[in-house]
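Only one structure is covered here, and it is reproduced in the block below.
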Amino acid sequence: MKLKDAVRREGPGYRNPARYRLDFIKENTFNRVWSVRMTRARVFLVSAAIIAGGAALLWVIIAYTPVRQLLPGALKGDLRAQYIETAVKLDSLEQAAARNAAYIENISSLMRGEVTRPDTATASVVAVDDSLLAASESERDFVRSYEAQERFNLSVLAPIAAEGMVFSSPVPTTAQASSMQSKGMRVTGPKGSPLSAIYRGTVISVNTSADGTSSVTVQHPNDFVSIYSGLDDIFVDRGQRVEPGQRLGHIGTMPANFELWHKGSPLDPGDYINF
Numbered sequence: 697m698k699l700k701d702a703v704r705r706e707g708p709g710y711r712n713p714a715r716y717r718l719d720f721i722k723e724n725t726f727n728r729v730w731s732v733r734m735t736r737a738r739v740f741l742v743s744a745a746i747i748a749g750g751a752a753l754l755w756v757i758i759a760y761t762p763v764r765q766l767l768p769g770a771l772k773g774d775l776r777a778q779y780i781e782t783a784v785k786l787d788s789l790e791q792a793a794a795r796n797a798a799y800i801e802n803i804s805s806l807m808r809g810e811v812t813r814p815d816t817a818t819a820s821v822v823a824v825d826d827s828l829l830a831a832s833e834s835e836r837d838f839v840r841s842y843e844a845q846e847r848f849n850l851s852v853l854a855p856i857a858a859e860g861m862v863f864s865s866p867v868p869t870t871a872q873a874s875s876m877q878s879k880g881m882r883v884t885g886p887k888g889s890p891l892s893a894i895y896r897g898t899v900i901s902v903n904t905s906a907d908g909t910s911s912v913t914v915q916h917p918n919d920f921v922s923i924y925s926g927l928d929d930i931f932v933d934r935g936q937r938v939e940p941g942q943r944l945g946h947i948g949t950m951p952a953n954f955e956l957w958h959k960g961s962p963l964d965p966g967d968y969i970n971f
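All the letters of the sequence shown, read from the start, carry residue numbers 697 to 971 under our numbering.
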């Protein structure tokens, strides 16, 4: 392969532009196999076109293929939260499988008439989970009361599910929010102050109570639900998609209420939202 600069011919009032030729020559016979002739401007133009085409191809691969998830910060917050929750569940399953295996090994040893000293790594597990060890009446009462209290308490998973989600304040700077004793926040402010969505989601219900005020319930990703009640005016309908900061209604003469739930458990909005 040989690159030749064509002979530049100059004369009075005439100048031939420089041309370049790219030859592909067979080394054994020195015969020219293929030849390309281009001017300097065309060389620059072809080079720019190749670079632009490569950049466009790289952008298409990153934008429309799963390769984009390998880039830092490209993974969505909802998907990352699901990965974390799945990893926690997998770790719990591994521990449960280890306890079951140790328990079955104990039973098998007793059936074979073998009395072995349990391994130090699983001794505490076997001692706790072995149902052959009788529990006292006080222990059984404590277990029953604890199970009754924590049976439907799923709020411990809320911080994991909320990782990667940024909730915005539902109230403007002119309004004030204070914690309620039971659940949620009480919002007070000038009449006509707006209440806005804290995160993207879908309106699942719009209801009107007997006192004439209305409430809006929004379903968010990762099983979060926000409830805005005590509103005078409603600007959304059931099934409508909302974005963070989108106005849902106005505060009337009475204070409004805001609640945040996760999988049926009430949460303290102050732990997730900066009012």
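Every residue, glycine too, gets a C-beta built ideally from N, C-alpha and C.
Original post:
Can you tell me whether DSSP reads Pro-866 as helix, strand or coil?
Top reply: Locating residue 866 in the sequence shown gives position 170, where the first residue counts as 1. Pro-866 falls in the coil class under three-state DSSP.
**OP:** Compute the Euclidean distance between the alpha carbons of Pro-855 and Thr-898, then round it to the nearest angstrom.
**Re:** As a first step, residue 855 is located in the sequence shown; it is residue number 159 there, counting from the start. As a first step, residue 898 is located in the sequence shown; it is residue number 202 there, counting from the start. Rounded to whole angstroms, Pro-855 to Thr-898 spans 21 Å at the Cα level.
**OP:** Mind reading off the beta-carbon distance from Gly-945 to Ile-930? Whole number of angstroms is fine, and I expect it under 8 Å.
**Re:** Your numbering for residue 945 matches position 249 in the sequence shown. Your numbering for residue 930 matches position 234 in the sequence shown. Indeed they touch by this definition, with Cβ atoms about 5 Å apart.
Original post:
Span of the alpha helix (DSSP H) holding Tyr-760?
Top reply: Taking the first residue of the sequence shown as position 1, residue 760 is located at position 64. Segment 736 to 760, the alpha helix (DSSP H) holding Tyr-760.
Original post:
Around the Cβ of Phe-838, are there at least 16 other Cβ atoms within 10 angstroms (buried) or fewer (exposed)?
Top reply: Within the sequence shown, numbered from 1, the residue matching residue 838 stands at position 142. So Phe-838 counts as exposed.
Original post:
How is the beta strand (DSSP E) around Pro-962 delimited, first residue to last?
Top reply: Locating residue 962 in the sequence shown gives position 266, counting from the first residue. That run of the beta strand (DSSP E) goes 961 to 963.
Subject >> Inter-residue CB distance, Asn-953 and Gly-880 (contact presumed, cutoff 8 Å) >> reply: Here residue 953 corresponds to residue number 257 of the sequence shown, with the count starting at 1. Here residue 880 corresponds to residue number 184 of the sequence shown, with the count starting at 1. Their Cβ separation, rounded to whole angstroms, is 5 Å, which keeps Asn-953 and Gly-880 in contact under 8 Å.
**OP:** Just grab the DSSP bridge partners of Gly-809 for me.
**Re:** Looking up residue 809 in the sequence shown gives position 113. Beta-bridge pairing links Gly-809 to no other residue.
Original post:
According to the neighbour-count rule (16 or more other Cβ atoms, all chains shown, within 10 Å of its Cβ), is Thr-782 buried or exposed?
Top reply: Here residue 782 corresponds to residue number 86 of the sequence shown, with the count starting at 1. Under this definition Thr-782 is an exposed residue.
**OP:** Confirm, please, whether the CB-CB distance from Gly-926 to Pro-951 is below 9 Å.
**Re:** Residue 951 sits at position 255 when you count from the first residue of the sequence shown. Residue 926 sits at position 230 when you count from the first residue of the sequence shown. In this structure, Gly-926 lies closer than 9 Å to Pro-951 by Cβ.
**OP:** Spell out whether any CB of chain D is found under 9 Å from the CB atom of Ile-721.
**Re:** The chain labelled as chain D is not found in the depicted structure, where only one protein chain is given.
Original post:
Are the Cβ atoms of Arg-736 and Ala-714 separated by less than 9 Å?
Top reply: On the sequence shown, position 40 is the one that residue 736 refers to. On the sequence shown, position 18 is the one that residue 714 refers to. Against a cut-off of 9 Å, the Cβ pair of Ala-714 and Arg-736 comes out as a contact.
Original post:
Under 9 Å between the Cβ atoms of Ser-922 and Pro-866?
Top reply: Stepping through the sequence shown from its first residue, residue 922 is reached at position 226. Stepping through the sequence shown from its first residue, residue 866 is reached at position 170. Yes, the Cβ-Cβ distance between Ser-922 and Pro-866 is below 9 Å.
**OP:** Could you please give the first and the last residue of the uninterrupted alpha helix (DSSP H) stretch that includes Pro-890?
**Re:** The residue you call residue 890 lines up with position 194 of the sequence shown. Premise fails: Pro-890 lies in the beta strand (DSSP E), 890 to 892, not in any alpha helix (DSSP H).
Subject >> Status (buried if at least 16 other CB within 10 Å, exposed otherwise) for Tyr-895 >> reply: Working through the sequence shown from its first residue, we reach residue 895 at position 199. Counting Cβ neighbours within 10 Å, Tyr-895 comes out buried, since at least 16 surround it.
Subject >> Classification of Tyr-760 by the beta-carbon crowding that lies within 10 angstroms, buried from 16 upward >> reply: As a position in the sequence shown, residue 760 is number 64, starting the count at 1. Classification of Tyr-760: exposed, given that the 10 Å Cβ count is below 16.
Subject >> Chain-order list of residues whose beta-carbon lies under 7 Å from that of Gln-942 (same chain, five-residue window excluded) >> reply: Residue mapping note: residue 942 aligns to position 246 of the sequence shown, counting from 1. Taken in chain order, the residues that qualify are Ser-892 and Ala-893.
Subject >> Residues near Ser-901 in its chain [Cβ-Cβ closer than 7 Å; skip 5 each side] >> reply: Working through the sequence shown from its first residue, we reach residue 901 at position 205. The answer, listed in chain order, is Thr-913 and Arg-934.
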